[in-house]
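Residue 1 is where the sequence shown starts when you use UniProt numbering, and the numbers rise one by one after that.
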Amino acid sequence: KLYEGVIKYLSFVKSAIEDENIEAKFTYINKAIAIFDELRNVLDFDGGDVAYYLDGLYLYQIETLFSAGVDDNVNSINQVIKVTQGLIDAWKDETGL
């Protein structure tokens, strides 16, 4: 559900950029970043390489969102959405949910 939350918030970011609503843009970027931060906080680094991969990926997503917010870069927002959707799809494939 957290990944879905990221995608939801980033769709709001794209609308805020289109509407030139700076306050809403940063509110929703911060919400998406908070989810990635929480995901980083719960990684089990004793569990293997996957945690290190995800940590780097989440950090990259956060950095991309910071830049996208400053530059109003919808393409970067779309890239974060695409990667996050890929994580959802991989999780579903792995768990069968």
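Using N, Cα and C, we set each Cβ at its ideal position, and we do this for glycine too.
So, is residue i buried or exposed, given that buried needs 16 or more other C-beta atoms within 10 angstroms?
| i | result |
| --- | --- |
| residue 36 | buried |
| residue 60 | exposed |
| residue 25 | buried |
| residue 16 | buried |
Between the Cα of residue i and the Cα atoms of the options, which residue gives the shortest distance?
| i | options | result |
| --- | --- | --- |
| residue 9 | 87, 1, 32, 85 | 32 |
| residue 27 | 56, 6, 88 | 6 |
| residue 77 | 1, 18, 2 | 18 |
| residue 81 | 50, 57, 48 | 57 |
| residue 34 | 62, 49, 70, 12 | 62 |
Out of curiosity, what's the CA-to-CA distance linking residue i and residue j?
| i | j | result |
| --- | --- | --- |
| residue 75 | residue 68 | 8 Å |
| residue 14 | residue 46 | 37 Å |
| residue 43 | residue 52 | 8 Å |
| residue 90 | residue 21 | 34 Å |
Is residue j closer than 8 Å to residue i when the C-beta atoms are compared?
| i | j | result |
| --- | --- | --- |
| residue 95 | residue 79 | no |
| residue 54 | residue 2 | no |
| residue 88 | residue 23 | no |
Can you tell me where the alpha helix (DSSP H) holding residue i begins and where it ends?
| i | result |
| --- | --- |
| residue 55 | 49-71 |
| residue 21 | Run containing residue 21: none; DSSP gives neither H nor E here. |
| residue 74 | 74-95 |
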